[in-house]
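Visitor:
Protein chains: 2
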Amino acid sequence: MSVTAAKGFEASGVVAHLKSTGAKDVALVVNRGRSAAAAAVFTSNRAKANPVIWSQQVVADGQARAVVLNSGGANCFTGAFGFQTTHATAEAVAEALDVSAGDVVVCSTGLIGVGDQTFRDKVVSGARAAAGELHAEGGLDAATAIMTTDTHPKQAVVEGAGWSVGGMAKGAGMLAPGLATMLVVLTTDADLPAERLDSALRQATRLTFDRLDSDGCMSTNDTVVLLSSGESGVAPSDDEFATAVTALCADLARQLQGDAEGASHDIRIEVVGAVSEDEAVEVGRSLARSNLLMTAVFGNDPNWGRVLAAIGTTQATFDPYDVDVSFNDVRLCAKGAPDRPVTEVDMTPRALHILLDLHAGDAEATVLTNDLTHDYVHENSAYSS
Amino acid sequence: MSVTAAKGFEASGVVAHLKSTGAKDVALVVNRGRSAAAAAVFTSNRAKANPVIWSQQVVADGQARAVVLNSGGANCFTGAFGFQTTHATAEAVAEALDVSAGDVVVCSTGLIGVGDQTFRDKVVSGARAAAGELHAEGGLDAATAIMTTDTHPKQAVVEGAGWSVGGMAKGAGMLAPGLATMLVVLTTDADLPAERLDSALRQATRLTFDRLDSDGCMSTNDTVVLLSSGESGVAPSDDEFATAVTALCADLARQLQGDAEGASHDIRIEVVGAVSEDEAVEVGRSLARSNLLMTAVFGNDPNWGRVLAAIGTTQATFDPYDVDVSFNDVRLCAKGAPDRPVTEVDMTPRALHILLDLHAGDAEATVLTNDLTHDYVHENSAYSS
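Protein sequence lines correspond, in order, to chains V and Z. According to our numbering, the stretch in the first sequence is residues 661 to 1045, in order. According to our numbering, the stretch in the second sequence is residues 661 to 1045, in order.
Right under this line is the structure:
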């Protein structure tokens, strides 16, 4: 159930002393298979970290042999020196594995602005050490090494007919559209060319990671990469493969949501009756990003008024006085007026389902988010100190 | 220094038992002057409360005689019954003052969804009682009666040459663009027709209340209304009047910022070097709305990396690698790379100045906001319980 589940992959995780805790902080995933097909999606933030700028070039040709990842520093806004650090990290892996540096994806996570000579030395030596520790059971070590404020490693696998796709993920805050502080490595032994990997990956991320909006903030470093070893010798259909990758990404996205910084509720916002899927997503996001609603949820207050106040700021097609709002299946607002009493809603479970019927069309979408809590404020005000 | 500073106005504030604390909760401001010219701006939220829908019609003809305001219930999403409550409130004031109900602006603030028969009875009898308490020194009572989570009343006055303009405001959370949970009544004895009041008011709010973005949330009830009695007999020039109204609104906006729910920092975000004022505002707002940045500020952490991550999500014209960021005049980031050490910034004062130079043009704008604190989470998670 990891990044080494599919045939042809090895992984490792080592201590490079980037984290002050002495925990593992450099991970490596290597594709030893007959194929080196790869696809990736990156943050849509225009402020991109050096590893993102590098890795976009690496996967441009649809080929990659390895992914090296570090926690303990984002290597973002660290100047030309920082980009050279990313290059040096890729070179170190390339030399150790006897592959081209141009086939080594680099991912970093941690504080922005951290990337001095000490950082470089640690990352590069960590990358070399990780290359010496590779093994077919190394998935958990790798998933552990990429954790930042995550409380546990995230892994998943989906089995196909004679092939599989597995993966690991990290990301605890800044889970926002277009991906955010999220590093995900997916591996498969399905034998598919890069363009089919790319198509399946984009379809999957659009419906999963892109709809996970924990705090509305978008990272500079997000990367989701999919490598194929081709070692199963099986080429599933596009539908079959995309379905599996989507299921895998959905599993990992739920794990990320469940471990979001300081959260006390995992909220599933389901918007139905929209005129288009895009508008349903827009409306869902407006709830996820309402600090007033998200603090109310933390206080176990099914505050449907804040739902309506939030959606009124969108451009989506609906009449605010024709909207129904339910919390955990209790309809509190019907056609913009109070319906069942709020005391009927049990807000104590961690899982919360907010259902919004816009009565404007037939489209729908679901957005996942978390509440805004004291612990969120604490973790994020103390993060860099 | 209040809503009764200008000649021709009376005001009052009474206890109508809408607030469980027994504090004043219904206010009335009446224009006794020879002119009844009026202008107003309202929330841009599409989810508008009943008093907003009513009051937009009242001021459509540029005339108003009175403004009645209640705290203790927003009368929003309360169905047809709620709209009838607003109408009944205006009728009660009209009858007591012998004016037309169509010249009575109604403003409400408090919880959405509250508006039953008890609420109506209290608001209507409160409005009648307020009409019986009107006097020329009643400004402070009125400013006190509109408070919700405000810790103190907000009033200001600006003196012109032979005329003046004064006002009161409430609003502690949900201060967001397009106005938010903000009720403001401005009064002047300058003798100007409604269209000139309107022009000055829109100019002033665009530069003041519209650039106050405390938590990114936008209310359903925001109203800023300006009444002229004409009693000074003086007609200032457009420039002179707009300058005074802008200064008045800026004063009230700073008072609102200084009393924002749970805030520990008053943040002035100054964006320079933008290609247009609109883009400068867009960039400034992206910082104001970054929970990660606003929690960092709460933790006295001058986290310039989160500034860059936030602005990278905008569509404004600039190169993220050509941006300078200063906190309290210490340049921490120059051209997208670390500059002075963060330890040089003293974050302990309540006032914080974040300066962002986009190096893309000559336009600039300032946005005011507050940090995201434990007290914000506490107040907003407990607000309705």
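Think of the CB as a built atom: it goes at the ideal place given N, C-alpha and C, for glycine as much as any other residue.
Could you round the C-beta distance between Gly-775(V) and Gly-733(V) to whole angstroms and report it? I think they count as a contact, below 8 Å.
Guide: Along the first sequence, read from residue 1 onward, the residue named residue 775(V) stands at position 115. Along the first sequence, read from residue 1 onward, the residue named residue 733(V) stands at position 73. Correct: roughly 6 Å between the Cβ atoms.
Visitor: Is Gly-668(Z) helix, strand or coil by DSSP?
Guide: Along the second sequence, one-based indexing puts residue 668(Z) at 8. Shown here, Gly-668(Z) sits in coil according to DSSP, grouped into three states, outside any helix or strand.
Visitor: Which value, in whole angstroms, describes the spacing of the CA atoms of Asp-926(Z) and Asp-1031(Z)?
Guide: Looking up residue 926(Z) in the second sequence gives position 266. Looking up residue 1031(Z) in the second sequence gives position 371. Using only the alpha carbons, I get a separation of about 7 Å.
Visitor: Counting only beta-carbon atoms, is Met-878(Z) nearer than 7 Å to chain C?
Guide: The chain inventory of the structure shown lacks chain C, comprising the protein chains V and Z.
Visitor: The alpha helix (DSSP H) spanning His-747(V) covers which residue range?
Guide: Taking the first sequence and counting its residues from 1, the one referred to as residue 747(V) is at position 87. Counting along the chain, the alpha helix (DSSP H) containing His-747(V) begins and ends at 739-757.
Visitor: Considering Cα atoms alone, identify which of Ala-724(Z), Ala-750(Z), Thr-808(Z) and Ala-754(Z) is closest to Ser-680(Z).
Guide: As a position in the second sequence, residue 680(Z) is number 20, starting the count at 1. Nearest C-alpha to Ser-680(Z): Thr-808(Z).
Visitor: Answer with buried or exposed for Gln-975(V), where buried requires no fewer than 16 other C-beta atoms within 10 angstroms of its C-beta.
Guide: For the purposes of this step, residue 975(V) is identified with residue 315 of the first sequence, where counting begins at 1. Counting Cβ neighbours within 10 Å, Gln-975(V) comes out exposed, since fewer than 16 surround it.
Visitor: One question on the structure: do Ala-697(Z) and Pro-853(Z) come within less than 7 Å of each other, judged by their Cβ atoms?
Guide: Sequence index remark: in the second sequence, residue 697(Z) carries index 37 (1-based). Sequence index remark: in the second sequence, residue 853(Z) carries index 193 (1-based). Contact flag set, yes.
Visitor: Just how far apart, CA to CA, sit Val-990(V) and Leu-1012(V)?
Guide: By one-based count along the first sequence, residue 990(V) stands at place 330. By one-based count along the first sequence, residue 1012(V) stands at place 352. Spanning the two alpha carbons is a distance of roughly 12 Å.
Visitor: Note down, in chain order, every chain V residue with its Cβ under 9 Å from the Cβ of Trp-964(Z).
Guide: Taking the first residue of the second sequence as position 1, residue 964(Z) is located at position 304. Result: Phe-737, Ile-772 and Gly-773.
Visitor: Tell me whether Arg-966(V) sits in a helix, a strand or coil according to DSSP, three-state version.
Guide: Along the first sequence, read from residue 1 onward, the residue named residue 966(V) stands at position 306. Residue state, collapsed to three classes: helix.
Visitor: Out of curiosity, what's the CA-to-CA distance linking Gln-723(Z) and Ala-699(Z)?
Guide: Reading the second sequence from its first residue, position 63 is the one you call residue 723(Z). Reading the second sequence from its first residue, position 39 is the one you call residue 699(Z). Approximately 8 Å, taken between the alpha carbons.
Visitor: For His-819(Z), which beta-bridge partners are listed by DSSP?
Guide: Walking along the second sequence from the start, residue 819(Z) turns up at place 159. At residue 819(Z) the sequence reads Glu, which differs from the His that was named. Answer is Ser-824(Z).
Visitor: Quick one: Cα of Leu-952(V) to Cα of Leu-968(V), how far?
Guide: By one-based count along the first sequence, residue 952(V) stands at place 292. By one-based count along the first sequence, residue 968(V) stands at place 308. Computed Cα separation, rounded: 12 Å.
Visitor: According to the Cβ coordinates, are Asp-873(V) and Ala-948(V) closer than 7 Å?
Guide: Translated into positions along the first sequence, residue 873(V) becomes position 213. Translated into positions along the first sequence, residue 948(V) becomes position 288. Yes, the Cβ-Cβ distance between Asp-873(V) and Ala-948(V) is below 7 Å.
Visitor: Taking a cut of 7 Å between CB atoms, which residues from the region 707-725 of chain V lie near chain Z?
Guide: Ala-707
Visitor: Which same chain residues end up closer than 8 Å to His-1038(V) when comparing Cβ atoms and leaving out the 5 residues on each side of it in sequence?
Guide: As a working mapping, residue 1038(V) is identified with position 378 in the first sequence. The residues are Gly-922.
Visitor: If you measure from the beta carbon of Ala-789(Z) to each beta carbon in chain V, is any gap under 7 Å?
Guide: Locating residue 789(Z) in the second sequence gives position 129, where the first residue counts as 1. No, because no Cβ of chain V sits closer than 7 Å to the Cβ of Ala-789(Z).
Visitor: Whose C-beta lies closer than 6 Å to the C-beta of Gly-773(V) among residues of the same chain, with five residues either side of it excluded?
Guide: Position 113 of the first sequence, counted from the start, is the residue given in the question as residue 773(V). So the list reads Phe-737, once near-sequence residues are dropped.
Visitor: Can the beta-carbon of Val-753(V) be found closer than 7 Å to that of Ala-787(V)?
Guide: The residue given as residue 753(V) occupies position 93 in the first sequence. The residue given as residue 787(V) occupies position 127 in the first sequence. In contact: Val-753(V) and Ala-787(V) (Cβ atoms closer than 7 Å).
Visitor: Measuring only between beta-carbons, confirm whether Ser-1041(V) sits less than 7 Å from chain Z.
Guide: Against the first sequence, residue 1041(V) aligns to sequence position 381. At least one chain Z Cβ lies under 7 Å of Ser-1041(V).
Visitor: My guess is that Ala-726(V) and Val-818(V) are in contact by the Cβ rule of under 8 Å, so how many angstroms apart are they, rounded?
Guide: Here the question's residue 726(V) lines up with position 66 in the first sequence. Here the question's residue 818(V) lines up with position 158 in the first sequence. Rounded, the Cβ-Cβ distance is 23 Å, inconsistent with contact.
Visitor: If you draw a straight line from the alpha carbon of Leu-1016(Z) to that of Asp-801(Z), how long is it in whole angstroms?
Guide: Residue 1016(Z) sits at position 356 when you count from the first residue of the second sequence. Residue 801(Z) sits at position 141 when you count from the first residue of the second sequence. Approximately 41 Å between the Cα atoms of the pair.
Visitor: I need the boundaries of the alpha helix (DSSP H) containing Leu-794(V), first residue and last residue.
Guide: Start at 1 with the first residue of the first sequence, and residue 794(V) comes out as number 134. Note, Leu-794(V): premise wrong, no alpha helix (DSSP H); not H, not E.
Visitor: Within this structure, are the beta carbons of Glu-930(V) and Ala-1023(V) separated by less than 7 Å?
Guide: In the first sequence, counting from the first residue as 1, residue 930(V) sits at position 270. In the first sequence, counting from the first residue as 1, residue 1023(V) sits at position 363. Not closer than 7 Å, so no.
Visitor: Closest to Ala-920(Z) by CA distance: which of Thr-811(Z), Tyr-981(Z) and Val-1002(Z) is it?
Guide: In the second sequence, residue 920(Z) corresponds to position 260, counting from 1. Ranking Thr-811(Z), Tyr-981(Z) and Val-1002(Z) by Cα distance to Ala-920(Z) puts Thr-811(Z) first.
Visitor: Counting C-beta neighbours from all protein chains within 10 Å, is the total for Glu-939(V) 16 or more, i.e. buried, or is it exposed?
Guide: Here residue 939(V) refers to the residue found at position 279 of the first sequence. Under this definition Glu-939(V) is a buried residue.
Visitor: Are Gly-827(V) and Val-663(V) close, meaning C-beta to C-beta below 7 Å?
Guide: As a first step, residue 827(V) must be located in the first sequence, where it is residue number 167. As a first step, residue 663(V) must be located in the first sequence, where it is residue number 3. Contact: yes.
Visitor: With DSSP run on the structure shown, which of helix, strand or coil describes Cys-909(V)?
Guide: As a first step, residue 909(V) must be located in the first sequence, where it is residue number 249. In this structure, Cys-909(V) counts as helix in the three-state DSSP scheme.
Visitor: Just verifying my parser: in three-state terms, what is the DSSP assignment at Asp-763(Z)?
Guide: What you label residue 763(Z) is simply residue 103 of the second sequence in a count that begins at 1. Residue state for Asp-763(Z) is assigned as helix, using DSSP reduced to three classes.
Visitor: My output table needs one value for Leu-839(V): the three-state DSSP class, helix, strand or coil.
Guide: Walking along the first sequence from the start, residue 839(V) turns up at place 179. Because the pLDDT of Leu-839(V) is 35, which lies under 50, any placement of that residue in the model is unreliable, and the number read from its coordinates should be weighed accordingly. In this structure, Leu-839(V) counts as coil in the three-state DSSP scheme.
Visitor: Could you please give me the residues that DSSP links to Pro-998(V) through a beta bridge?
Guide: Residue mapping note: residue 998(V) aligns to position 338 of the first sequence, counting from 1. Paired residues: Cys-993(V).
Visitor: According to DSSP, is Asp-781(V) helix, strand or coil?
Guide: Working through the first sequence from its first residue, we reach residue 781(V) at position 121. In this structure, Asp-781(V) counts as helix in the three-state DSSP scheme.
Visitor: Closer than 8 Å between beta carbons: that is the criterion. Which residues of the region 820-831 of chain Z meet it against chain V?
Guide: Cβ contacts with chain V: none found.
Visitor: Using the Cα positions of Leu-794(Z) and Asp-984(V), report the straight-line distance between them to the nearest angstrom.
Guide: Position 134 of the second sequence, counting from 1, holds the residue named residue 794(Z). Position 324 of the first sequence, counting from 1, holds the residue named residue 984(V). Each residue's CA atom was taken as its position, placing Leu-794(Z) and Asp-984(V) some 42 Å apart.
Visitor: Can you tell me the Cα-Cα spacing of Leu-992(Z) and Glu-1004(Z), whole angstroms?
Guide: Position 332 of the second sequence, counted from the first residue, corresponds to residue 992(Z). Position 344 of the second sequence, counted from the first residue, corresponds to residue 1004(Z). Answer to the nearest angstrom: the Cα atoms are 9 Å apart.
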